[in-house]
Amino acid sequence: MLYRKATFKDVETMYTLINAYAEQGLMLGRSRNMLYECLRDFVLAEDNGEVVGMGALHLVWDALAEIRAMAIAPHATKSGIGRSIVQALIEEAKTLEIKTIFTLTYQPGFFIKQGFKELSKDQLPHKVWKECINCTKFPNCDEIALNIEI
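Take the sequence shown: its letters are residues 177 to 326, numbered as in my numbering.
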């Protein structure tokens, strides 16, 4: 398994995988525009040339980042790829001197197993919500907030 940063050639694969889960209501969809703009945020898992997983570390504010757009190919779930991506993103956050990582998710159990703790969305700084205005679920977000101090 190769873990690497995303490149422009990965965008269509990323778009397809993320939005397949979004169509099932398991995560929020992402536009191609968002993927291009945030490409440097993404770490991908590649197995024999096939992208089988991804996640992004998005910088939000002073020493605060979000793990977002976690998606693992259906045939590769339960294989530790997601856990490895989260650990790679945490290590990247440490090099940037990030102190807190949060996530908004429909899959809280996965993140709890990685050491994240559930919290009220009200505890997140207002800066977190700047992109939510464009979400189809705004202002009625039904994702669960979790964070981890590193």
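We treat Cβ as the ideally placed atom computed from N, Cα and C, and that holds for glycine.
Item to complete: Tell me, to the nearest whole angstrom, how far the beta carbon of I243 is from that of G231; I am working on the premise that it is less than 8 angstroms.
Response: 6 angstroms
Worksheet item: Counting along the chain, where does the beta strand (DSSP E) carrying A264 start and finish?
Response: Element bounds for A264: not the beta strand (DSSP E) but the alpha helix (DSSP H), I257 to T271.
Worksheet item: Where A252 and L178 are concerned, what is the direct C-alpha to C-alpha distance, given to the nearest angstrom?
Response: 14 angstroms
Discussion item. Looking at the strands, I want to know which residues DSSP matches up with G231.
Written reply: V219
Discussion item. With a threshold of 8 angstroms, are at least 3 pairs of Cβ atoms found where one atom belongs to the segment 208 to 219 and the other to the segment 185 to 193?
Written reply: In short, these stretches touch, since the Cβ pair count reaches three.
Discussion item. Taking 6 angstroms as the limit between beta carbons, can you name the residues of its chain near L240, skipping five residues before and five after?
Written reply: T276
Discussion item. Given this structure, state the Cα-to-Cα distance separating L327 from K181, to the nearest angstrom.
Written reply: For residue 327 there is no data in the structure shown, the boundaries of the chain being 177 and 326.
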